[in-house]
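Chain order of the listed sequences is A and B. The first sequence begins at 425 in our numbering and counts up by one. The second sequence begins at 1159 in our numbering and counts up by one. Note that beta-carbon positions come from the ideal geometry of N, C-alpha and C, so glycine has one too. The structure presented is a predicted model; accordingly, all values stated were derived computationally and were not measured. Reading through the structure tokens given below for one structure.
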Amino acid sequence: MRKPIGLAIYSGLALVFLLIPIVYTIAFSFNDSVRSNTVWEGFTVTHWTNVCAKGNICEALGNSILIGAISTLIATVLGSALAIGLVRYSFKFRASTNLLLFLPMATPEVVLGAGLAAFFFNIGFASGLVTTIIAHVMFCLSFVVVTVKARVQTLDPVLEEAGRDLYANPNQVFWKITFPLLLPGIISAALLSFALSFDDFIITYFNSGSVTTFPKFIYVAASRGVPAEANVIASAVFLLAIVIVLVTQITGAIKRRKLAN
Amino acid sequence: MAFAAFGSAPANAQSGSNRKSGKIVLALLLPGLVYLGLFFLTPLFSLITTSLETPDPSGAIGVYQYGFEIQNYVGVITDYMPQIIRSFLYAFLATFFALLISYPLAYFIGVKMRGRPTLQRLMVTLVIAPFFISFLLRTIAWKQILSEGGAIMQWVHSVGLMGPNDYFIGTPAAVVFGLTYNFIPFMTLPLYTTLERFDVRLLEAGSDLYASPAKVFRKITLPISMPGVISGTLLTFIPIAGDYVNASRDFLGSSKTSMIGNMVEADFLQNLRYPSAAALSVLLMAVILVLVSVYVKKAGTEDLL
Chain A
425 MRKPIGLAIY SGLALVFLLI PIVYTIAFSF NDSVRSNTVW EGFTVTHWTN VCAKGNICEA
485 LGNSILIGAI STLIATVLGS ALAIGLVRYS FKFRASTNLL LFLPMATPEV VLGAGLAAFF
545 FNIGFASGLV TTIIAHVMFC LSFVVVTVKA RVQTLDPVLE EAGRDLYANP NQVFWKITFP
605 LLLPGIISAA LLSFALSFDD FIITYFNSGS VTTFPKFIYV AASRGVPAEA NVIASAVFLL
665 AIVIVLVTQI TGAIKRRKLA N
Chain B
1159 MAFAAFGSAP ANAQSGSNRK SGKIVLALLL PGLVYLGLFF LTPLFSLITT SLETPDPSGA
1219 IGVYQYGFEI QNYVGVITDY MPQIIRSFLY AFLATFFALL ISYPLAYFIG VKMRGRPTLQ
1279 RLMVTLVIAP FFISFLLRTI AWKQILSEGG AIMQWVHSVG LMGPNDYFIG TPAAVVFGLT
1339 YNFIPFMTLP LYTTLERFDV RLLEAGSDLY ASPAKVFRKI TLPISMPGVI SGTLLTFIPI
1399 AGDYVNASRD FLGSSKTSMI GNMVEADFLQ NLRYPSAAAL SVLLMAVILV LVSVYVKKAG
1459 TEDLL
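Written out as structure tokens, the structure reads:
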């Protein structure tokens, strides 16, 4: 086959294009700006050493972490159970269940957000932390199901049969064999769910009432100019996520190499 | 990998050997399904009832009572026609550009990089890297990079690509640009997952039989990558049609670029015109469902999940 030099150059440029705003955001976390962080005014680390200086930014971050953690926990438990049930058992309403799980992913966020807000408004339930968590679990659930389902489908039933043959009871089979094998999929699903929740703006904006999350802080600040402290937090989260991904990739590569030897 | 979620689901490897009592199935499925019933289906129903409400006789702002006001729909269609057209036009354009940009990239990573798995993995990580940094900040970054005072726009003006009084941020082009950028990973990943599994010997067979490269692409590569194209276009088109961050005044748009989402937000959260916001949401959802089902039927894949 020909050497795809042109395609390689194109792909490199496309990746650079994807990374430009990330580099920009990280660079401007070091900008010596006082209010609106729009023009480069020199290098400083004060925004990094004094992150909570601007308004309620750290409270917003705390809320985002809290909402992300609780929603992820609930969505992962409900979604993993659904995924196992869907792949492992045959039942009557499988097609409609699949459709019900697909629909939230095919619904624009603004419709999900406005729908839930209308629902809470109609039943007279005040929006706040609880409504935000309910909303986040709802939109994370389907993504958890898809992710865990892919893992359940690759699971070899022979392994569980072997367990049963060795007189393990169903409980032991599940916790000693099935669950550990599904764990990588469940962890991926939880990470995806947390990432979706943490970065969600539209649904949150409709259902959070006076509770501020990190994306909501940025949106509200956008009309006046987003402070560099927001760049600091976003950059830190980005670096943390990249480290997690690289560590899982490297440990995965080492494991594969060990298995190959 | 978590991002298998964006790929097309593999063929259902159903293990039928395991038929236990319905109790276990119920215990596994019921909590999640009840949750979706309560907090996904009921809200959609709420949206429909709200969209038909009539103003309270007292005339108080933001107070409505149950009704059957079909007129609300006529109202939003006539009032918000420009926004409705814009939403779908921008969504079509941005999806098209995202596909155009993503396909060669996904092909390169998925097919050409097979011999170098470490580099391949690194490139996939770079494609999903934007997900790890705030969507709003990425959009604001573009706004500042492409602002009139910035180096790029000064260069564009100096070489005469744009007239002295032209500007970029706030125009429909800027909004489509932002939408395209923000949704490229959603397009690239499903394309990558199908292209990565694709048997390259088919290409060799094609060229051995004297097919031109263009014909090989049209007759072999493209049909095989179709599932990826379908899930990619759906995963970009749907969120783009409902997006309002890019089009908003504080981001890449102006009052002349507002989309359906902007109007829903304004009517719901600022003007307290709940029936109007709800009618517009129902309309958006209905149009998307119709477009998606026609598209999926035409493309011939219905088992997306």
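key: Cβ pair A:T500, A:V568 closer than 8 Å   = In the first sequence, the residue the question calls residue 500 of chain A occupies position 76. In the first sequence, the residue the question calls residue 568 of chain A occupies position 144. Contact flag set, yes.
query = What residues in the region 637-661 of chain A bring their beta carbon closer than 8 Å to a beta carbon of chain B?
reply = F638, P639, I642, Y643, A646, S647, V650, A654, N655, A658, S659, V661
Exposure of B:Q1428, with buried meaning 16 or more beta-carbon neighbours within 10 Å = For the purposes of this step, residue 1428 of chain B is taken as the residue at position 270 of the second sequence. Result: exposed.
message = Just verifying my parser: in three-state terms, what is the DSSP assignment at A:N593?
response = Taking the first residue of the first sequence as position 1, residue 593 of chain A is located at position 169. Looking at A:N593 - three-state DSSP - the assignment turns out to be coil, as it is neither helix nor strand.
request  = Using a cut-off of 8 Å between C-beta atoms, extract the partners of A:F625 located in chain B.
outcome  = Counting from one through the first sequence, the residue named residue 625 of chain A turns up at place 201. What A:F625 touches in chain B: F1293, L1294, V1403.
Span of the alpha helix (DSSP H) around B:R1296 = Position 138 of the second sequence, counted from the first residue, corresponds to residue 1296 of chain B. Residues 1293-1303.
query = Is the Cβ-Cβ distance between A:P532 and B:L1194 less than 8 Å?
reply = Counting from 1 along the first sequence, the entry for residue 532 of chain A is found at position 108. Counting from 1 along the second sequence, the entry for residue 1194 of chain B is found at position 36. No, these two residues do not count as a Cβ contact at 8 Å.
ask   = Any C-beta of chain A sitting closer than 8 Å to the C-beta of B:T1208?
value = As a first step, residue 1208 of chain B is located in the second sequence; it is residue number 50 there, counting from the start. B:T1208 counts as touching chain A.
message = Distance check for B:V1192 and A:A530, CA to CA, integer angstroms please.
response = By 1-based counting over the first sequence, the position of residue 530 of chain A is 106. By 1-based counting over the second sequence, the position of residue 1192 of chain B is 34. Looking at the two C-alpha atoms, the distance is approximately 19 Å.
Chain B contact for A:N474 (CB, 8 Å cutoff) = Numbered from its first residue, the first sequence carries residue 474 of chain A at position 50. So no, A:N474 is outside the interface.
query = Quick one: which chain C residues come within Cβ less than 9 Å of B:V1445?
reply = In the structure shown, chain C cannot be found, because the protein chains are A and B.
message = Less than 8 Å between C-beta atoms, sequence neighbours within five positions excluded: which residues of the same chain meet that for A:V597?
response = To locate residue 597 of chain A, count along the first sequence from 1; it is residue 173. Once the five neighbours on either side are set aside, the close Cβ partners of A:V597 are E584, G587, R588.
task = Keeping to the same chain, check which residues put their C-beta closer than 6 Å to that of B:G1220; ignore five residues upstream and five downstream.
result = Stepping through the second sequence from its first residue, residue 1220 of chain B is reached at position 62. Counting only Cβ-Cβ distances below 6 Å, and skipping sequence neighbours, we find L1430.
key: C-beta neighbour in chain A for B:F1255, strict 8 Å   = Taking the first residue of the second sequence as 1, we reach residue 1255 of chain B at position 97. Not an interface residue.
ask   = What does DSSP give as the partner residues of A:N455 in its beta bridges?
value = Residue 455 of chain A sits at position 31 when you count from the first residue of the first sequence. DSSP lists A:F467 as partners of A:N455.
ask   = For A:N474 versus A:W464, is the C-beta spacing smaller than 8 Å?
value = For the purposes of this step, residue 474 of chain A is taken as residue 50 along the first sequence, with counting starting at 1. For the purposes of this step, residue 464 of chain A is taken as residue 40 along the first sequence, with counting starting at 1. No, Cβ-Cβ distance for A:N474 and A:W464 is not below 8 Å.
key: Euclidean distance between Cα positions of B:P1201 and A:G539   = Here residue 1201 of chain B corresponds to residue number 43 of the second sequence, with the count starting at 1. Here residue 539 of chain A corresponds to residue number 115 of the first sequence, with the count starting at 1. Those two C-alpha atoms are separated by around 5 Å.
ask   = At a Cβ cut of 8 Å, what residues of the region 431-447 of chain A count as close to chain B, listed as they run along the chain?
value = L431, A432, Y434, S435, A438, L439, F441, L442, L443, I444, P445, I446
Pick from A:L670, A:G676, A:S488 that is closest to A:V554, judged by C-alpha positions = The residue you call residue 554 of chain A lines up with position 130 of the first sequence. Among A:L670, A:G676, A:S488, the Cα nearest to that of A:V554 belongs to A:S488.
message = Considering just the uninterrupted stretch of the alpha helix (DSSP H) at B:I1219, what are its terminal residues?
response = Working through the second sequence from its first residue, we reach residue 1219 of chain B at position 61. Unbroken run through B:I1219: none, as it is neither H nor E.
request  = Quickly, what does DSSP pair B:T1212 with across the bridge? List them, please.
outcome  = By 1-based counting over the second sequence, the position of residue 1212 of chain B is 54. The partner list for B:T1212 (beta bridge, DSSP) reads B:Q1223.
query = What whole-angstrom Cβ distance do B:Q1241 and B:N1404 have, given they're in contact under 8 Å?
reply = Counting from 1 along the second sequence, the entry for residue 1241 of chain B is found at position 83. Counting from 1 along the second sequence, the entry for residue 1404 of chain B is found at position 246. The Cβ separation is near 14 Å, so there is no contact.
request  = Measuring alpha carbon to alpha carbon, tell me which of B:F1250, B:L1184, B:L1295, B:Y1231 ends up nearest A:K640.
outcome  = For the purposes of this step, residue 640 of chain A is identified with residue 216 of the first sequence, where counting begins at 1. For the residues B:F1250, B:L1184, B:L1295, B:Y1231, the minimum Cα distance to A:K640 belongs to B:L1295.
query = Going straight from the alpha carbon of A:L525 to that of A:L506, what length do you get?
reply = Start at 1 with the first residue of the first sequence, and residue 525 of chain A comes out as number 101. Start at 1 with the first residue of the first sequence, and residue 506 of chain A comes out as number 82. Taking the straight line from one Cα to the other gives about 10 Å.
ask   = Between the region 1384-1397 of chain B and the region 1309-1317 of chain B, do at least 3 Cβ pairs fall closer than 8 Å?
value = no
task = Run the CB neighbour count on A:F603, radius 10 Å, all protein chains shown included, and call it buried at 16 or more, exposed below.
result = Numbered from its first residue, the first sequence carries residue 603 of chain A at position 179. With fewer than 16 Cβ atoms within 10 Å of its Cβ, A:F603 is classed as exposed.
request  = Could you work out which residue in B:S1406, B:R1244, B:T1379, B:K1181 is closest to B:Y1350 when comparing CA atoms only?
outcome  = In the second sequence, residue 1350 of chain B corresponds to position 192, counting from 1. Comparing Cα positions, the closest option is B:T1379.
inquiry  = Let me see if you follow: with CB-CB separation under 8 Å, is A:T602 close to chain B or not?
reply    = Position 178 of the first sequence, counted from the start, is the residue given in the question as residue 602 of chain A. A:T602 does not count as touching chain B.
ask   = When burial is assigned at 16 or more other CB atoms within 10 Å of the CB, is A:C476 buried or exposed?
value = In the first sequence, residue 476 of chain A corresponds to position 52, counting from 1. By the neighbour-count rule (16 or more Cβ atoms within 10 Å), A:C476 is not buried but exposed.
task = May I have the straight-line CA-CA distance separating A:G479 from B:I1267, to the nearest angstrom?
result = Locating residue 479 of chain A in the first sequence gives position 55, where the first residue counts as 1. Locating residue 1267 of chain B in the second sequence gives position 109, where the first residue counts as 1. Distance between the alpha carbons of A:G479 and B:I1267 is about 43 Å.
Cα-Cα separation, A:I450 to B:D1324 = Residue mapping note: residue 450 of chain A aligns to position 26 of the first sequence, counting from 1. Residue mapping note: residue 1324 of chain B aligns to position 166 of the second sequence, counting from 1. Rounded to whole angstroms, A:I450 to B:D1324 spans 30 Å at the Cα level.
inquiry  = Quick check on this structure: which residue in B:V1334, B:T1338, B:I1382, B:A1435 has the alpha carbon closest to the alpha carbon of B:R1359?
reply    = In the second sequence, residue 1359 of chain B corresponds to position 201, counting from 1. Checked all of B:V1334, B:T1338, B:I1382, B:A1435; the closest Cα to B:R1359 is B:I1382.
task = Could you spell out the range, first to last residue, of the alpha helix (DSSP H) harbouring A:C482?
result = Numbered from 1 along the first sequence, position 58 holds the residue referred to as residue 482 of chain A. A:C482 -> alpha helix (DSSP H) spans 481-512.
task = Could you pull out every residue in the same chain whose Cβ sits closer than 7 Å to the Cβ of B:E1423, ignoring the five residues on either side in sequence?
result = Start at 1 with the first residue of the second sequence, and residue 1423 of chain B comes out as number 265. Once the five neighbours on either side are set aside, the close Cβ partners of B:E1423 are Y1402.
request  = Look at the Cβ atom of A:L485, then the Cβ atom of A:I657, and state whether they are nearer than 8 Å.
outcome  = Looking up residue 485 of chain A in the first sequence gives position 61. Looking up residue 657 of chain A in the first sequence gives position 233. Yes. Within cutoff.
request  = Return the CA-CA distance between B:G1273 and A:A432, expressed in angstroms with no decimal places.
outcome  = Counting from one through the second sequence, the residue named residue 1273 of chain B turns up at place 115. Counting from one through the first sequence, the residue named residue 432 of chain A turns up at place 8. If you take the alpha carbons of B:G1273 and A:A432, they lie about 14 Å apart.
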